[in-house]
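Q:
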Amino acid sequence: MSLKRSKNKYATIVVFLVLALIFSVVLFSTIGTANIKISDTFKIIGSKLPLIGEKINIDGIPDSHKTIILKIRLPRVLLGVLVGASLSSAGVAFQGMFKNPMADPYVMGISSGAALGASLAIILGLRKTIFAISPISFFAFIGSLITVFSVYFISRVKNKVPVTNLLLSGVAIGQFLTAIMSFLMVIYSKDMEKIIFWTLGSLSGKGWEPLIRIAFPTILSIMILNFFSRDLNIILTGEESAKSLGVEVEKIKIYILILSSFMTAMVVSVSGIIGFVGLIIPHIVRLLVGPDHRILLPSAALVGGIFMIFADTIARTIISPVEIPVGIITAMFGGPFFIYLLRKKKKGI
Amino acid sequence: MVKAIKVQSLKFGYKDDLVLKDISFSLEEGQFMSIIGPNGSGKSTLLKNICNLEKPNSGEIEIHGKNISQYKSKELAKKIALVPQDTFISYDFSVFDVVLMGRFPYLGRFDKETDEDFEITKEALKITNTFHLRDRNINEISGGERQRVIIARALAQEPDIIFLDEPTSHLDINHQMDLLNILRNLNKEKNTTIVLVIHDINLACRYSDIIMLLDKGEILSIGSPKEVVTRENIEKAYGLNTIIEENPYTNSLYIVPLSLNGIVKKVDKKEKVHIISGGGTGREIISKLEEAGYDLSLGVINVGDSDWQLGKELSIKMVEEKPFSHISEEAFKKNIQFIREADIVVLGSTPYGRGNMKNLEAASLALNMGKTVYFLDNYSKDNKFDYTDGEAEKLLNEMKGKGLLIINSIDEIIKKA
């Protein structure tokens, strides 16, 4: 049967992408100013893994290399994977839910809400962790949630949320919050640099701490999101159809909004606002594997992770030792590629 | 027995105005019902309310004796399936995947499709003649094929009732028939209750057990096609003058639109015209004058005559005589009465014999009464119309002397007025 065949195909794609991701993690950890062999990187990372770790001999590798890989590059690369995977997954979910190709994780004003929240935390000089989460991260998360739900409820017309309403109020509220943030930056100009630095987005110099903090919630969100694949597929064929098939469309929309904004807020709170990943990775992957969310969601997460660390590696090496914000790289690669896709696929994405 | 659908005093409006005003009806299991009515009468809205896509302002909707608000959404999706008006899917899912989506109500969030689900999907594809399309992309097949695929998806839900919102509106006539045949087979073989919104009254009459005629959010009539599709109902709902015939080939009602009332009303002459004709010579006179809005009467006419048939279909007042019989004194008197009430008398080019000579005499009397009498002269030179040994011709010539107005076309009367 055609579906059983495609199920096998789906498994093959996922296995291939997981292997590609592992290889990319090792490869992009290796690339950099310090001249480290890729085999050494494998050994260093392998030695830290349970079960096989003790069997790997890393005595011949200089300690500086071990430090660079383990303390600097590996956490950075893994954070990049999380950021890319989360943004891509959220992008897929929003594009499916809105049936709109221009939707991305930030389209509902999440980025502005998170940025404003983070700015407030910076300005207020909060230091104490809230529920073991850093105040900036916490405020960013709350900010994005408030934004998303304001947008949702503003758009609501008699139990329904028309897509156009959602997108337009997303833009409006986003602009409004950005204005407030700019206003705050002018008033509290001593914090301006910190706020601007935060909003530009970067994976640099974070270490293990934020990675460990967001790893569990984001990975869990991505996994839960995958359980809505079938619902998303049916919603793509029309909301009325979906309802008549027993899909609780409005509930699913809320779940997806919560999950997607949750993980977007999480990654944005540590990496700042990195653009284009959540918009173009879903499109590229959809072109490659088709619209079925059962394969689209996991593939986009994996490809998003790979693309993110690829872009970050370029960001930190292209004019080394100067680092450019990774958002610039994603947009530089993503923008033209997206335009190319638009021109090529005349019938629309 | 529990009704498949029971709707009680359903009211619904998108804003303040009610689109559905107090709808009540019930439908037995295994029926084939068509909902007809002019645009904006609330057909699709009614369907959406019954399918729980819209929430009624007030009223009760029951499916198999249980209020729809008490169903869980997946439970309801096992009972009823909807084929929406717009079946376009812009994402390239395979046909098989789309039909497999019909199994959604039977699958938990963490379940995988079982072999049974695949079997049912396959079956649904076969019933709708779409099995050969299973690996094609849904947005690459034709509109008719896509419609059938969406019906297959509805079948995969294994519902007791299938609702379809204008399933034939975008299809060619052959695909329309094909689709309705599939539905009828389902109805007959699986006893699936079918409810569909349809524009084509003729198709509705042909396939349905029950027709519901909606007008301005109310049920104007519900029942068998013969009960519902009547001249009066169609005129009320659509503002359309029609002829309703029984189609001898399909054995179902057949509706022929004649004219729009709304437009004709403006030029409504309200003049009373009495027509004397027979044997089909009055057909053009009757239909053209009817269309122009005159108040018509006809007589004396034998039952079964083709002019009589047309008069019957148009519900024209007629002085009738038994089939193939001479005009009786009684009928003649009644005819004179009709002529007295009329403003104009129109005489067709009927051949005259002993049987209907009294009609010509009546026309002559009309002239004597001072009525305007038109004579539509279609007698051709070499064609005999007088079978009364000259009596009819003599009388006609006399009448010409008394001011009988001879016209060559009925349009002359209409233009004059």
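Protein chains in written order, with this note's numbering: chain P, 27 to 375; chain H, 2 to 418. Don't be surprised by glycine CBs; every beta carbon is placed ideally from N, CA and C. Note that the structure is predicted; figures quoted are calculated from it, not measured.
Helix, strand or coil: how does DSSP classify residue 360/P here?
A: Residue 360/P: helix per DSSP, three-state reduction.
Q: Got a sec: is the Cβ-Cβ distance from residue 98/H to anything in chain P below 8 Å?
A: Judged by the 8 Å Cβ criterion, residue 98/H is in contact with chain P.
Q: Can you tell me the Cα-Cα spacing of residue 261/H and residue 330/H, whole angstroms?
A: Computed Cα separation, rounded: 39 Å.
Q: Looking at the secondary structure, which residues open and close the beta strand (DSSP E) in which residue 209/H lies?
A: No beta strand (DSSP E) contains residue 209/H, which DSSP labels as neither H nor E.
Q: Kindly provide the ranges of any beta strand (DSSP E) runs that are 3 or more residues long and lie completely inside the stretch 169–214 of chain P, ordered along the chain.
A: Segments of the beta strand (DSSP E) lying fully in the stretch 169–214 of chain P: there are none.
Q: Compile a chain-ordered list of the residues in the stretch 143–162 of chain H whose CB is closer than 9 Å to at least one CB of chain P.
A: Answer set for the stretch 143–162 of chain H: 151, 154, 155 and 158.
Q: State the CB to CB distance for the pair residue 136/H and residue 97/H, rounded to an integer number of angstroms; the pair is presumed to be in contact (CB under 8 Å).
A: Their Cβ separation, rounded to whole angstroms, is 7 Å, which keeps residue 136/H and residue 97/H in contact under 8 Å.
Q: Who are the neighbours of residue 187/H on chain P, taking C-beta pairs under 9 Å?
A: Simply none; closest approach about 17 Å.
Q: Work out the CA separation of residue 19/H and residue 291/H for me, nearest whole Å.
A: In a straight line, the C-alpha of residue 291/H is about 36 Å away from that of residue 19/H.
Q: Any heavy atom of the ligand ZN within a distance shorter than 7 Å of the CB on residue 289/P?
A: With respect to the ligand ZN, the structure shown offers nothing to examine, as it has no ligands at all.
Q: I'd like to know if residue 282/P contacts chain H, where contact means its C-beta is closer than 8 Å to some C-beta of that chain.
A: For residue 282/P, the answer is no, since every Cβ of chain H falls outside 8 Å of its Cβ.
Q: Below 8 Å on C-beta distance, what does residue 386/P contact in chain H?
A: The requested residue 386/P is not part of the displayed model; chain P covers only 27 to 375.
Q: So within the stretch 157–216 of chain H, which uninterrupted beta strand (DSSP E) runs reach at least 3 residues, ignoring any that extend past its ends?
A: Counting whole runs of 3 or more residues, the stretch 157–216 of chain H contains the beta strand (DSSP E) stretches 162–166, 194–198 and 211–216.
Q: Apply the 10 Å Cβ neighbour rule to residue 238/H and answer buried if 16 or more other Cβ atoms are within range, or exposed otherwise.
A: Looking at its Cβ environment, which holds 16 or more other Cβ atoms inside 10 Å, residue 238/H is buried.
Q: Cβ closer than 7 Å: which chain P residues qualify as neighbours of residue 110/H?
A: Here the neighbours are 253.
Q: DSSP three-state call for residue 275/H: helix, strand or coil?
A: Strand.
Q: Would you list, in sequence order, the uninterrupted alpha helix (DSSP H) runs of no fewer than 4 residues that lie entirely inside the stretch 92–163 of chain P?
A: Runs found: 100–124 and 136–150.
Q: Residue 133/H: buried (16+ other C-beta within 10 angstroms of its C-beta) or exposed?
A: Burial call: exposed.
Q: Confirm, please, whether the CB-CB distance from residue 345/P to residue 227/P is below 8 Å.
A: Contact flag unset, no.
Q: Along chain H, which residues have their Cβ under 7 Å away from the Cβ of residue 269/P?
A: Here the neighbours are 54.
Q: Of the residues 121/H, 81/H, 14/H and 25/H, which one's Cα is nearest the Cα of residue 46/H?
A: The option with the nearest alpha carbon to residue 46/H is 14/H.
Q: Could you tell me whether the Cβ atoms of residue 108/P and residue 348/P are closer together than 8 Å?
A: It is not a contact, given that the beta carbons lie outside the stated cut-off.
Q: Residues of chain H with CB under 8 Å from residue 38/P, in chain order?
A: What residue 38/P touches in chain H: nothing, since even the nearest Cβ is about 17 Å away.
Q: May I have a chain-ordered list of the alpha helix (DSSP H) segments no shorter than 4 residues that lie completely inside the stretch 249–277 of chain P?
A: Within the stretch 249–277 of chain P, the complete alpha helix (DSSP H) runs of at least 4 residues are 255–262 and 265–270.
Q: Give every residue of the same chain whose Cβ lies closer than 7 Å to the Cβ of residue 130/H, excluding the five residues on either side of it in the sequence, and list them in chain order.
A: So the qualifying residues of the chain are 149.
Q: Return the bridge partner residues of residue 318/H from the DSSP annotation.
A: Residue 318/H is bridged to 298/H.
Q: Measuring CB to CB, does residue 64/P end up less than 8 Å from residue 47/P?
A: For residue 64/P and residue 47/P, no; Cβs fall outside 8 Å.
Q: Taking 8 Å as the CB-CB limit, is residue 87/H close to chain P?
A: At least one chain P Cβ lies under 8 Å of residue 87/H.
Q: Less than 8 Å between the C-beta atoms of residue 133/P and residue 196/P, yes or no?
A: Yes, the Cβ-Cβ distance between residue 133/P and residue 196/P is below 8 Å.
Q: Looking only at C-alpha atoms, which of 151/H, 232/H and 247/H sits nearest to residue 241/H?
A: Comparing Cα-Cα distances from residue 241/H to each of 151/H, 232/H and 247/H, the minimum goes to 232/H.
Q: For residue 401/H, which residues of its own chain have a beta-carbon under 6 Å away from its beta-carbon, when the five flanking residues on both sides are left out?
A: Nothing listed; no residue qualifies.
Q: Assign residue 117/H to one of three DSSP states: helix, strand, or coil.
A: Of the three classes helix, strand and coil, the one that applies to residue 117/H here is helix, per DSSP.
Q: Once the 5 residues before and after residue 323/P are set aside, which same chain residues still bring their CB inside 7 Å of it?
A: Within the same chain, residue 323/P has close Cβ partners 115, 118, 251, 252 and 255.
Q: Using a Cβ-Cβ cut-off of less than 9 Å, list which residues of the stretch 56–82 of chain H approach chain P; keep chain order.
A: Going along the stretch 56–82 of chain H in chain order, one finds 56, 73, 74, 75, 76, 77, 78, 79, 81 and 82 with a Cβ nearer than 9 Å to chain P.
Q: Would residue 13/H count as contacting chain P if we go by Cβ distances under 8 Å?
A: False, the Cβ-Cβ gap to chain P never drops below 8 Å.
Q: Measure the C-alpha to C-alpha separation of residue 272/H and residue 151/H and round it to an integer number of angstroms.
A: Straight-line Cα distance between these residues: approximately 54 Å.
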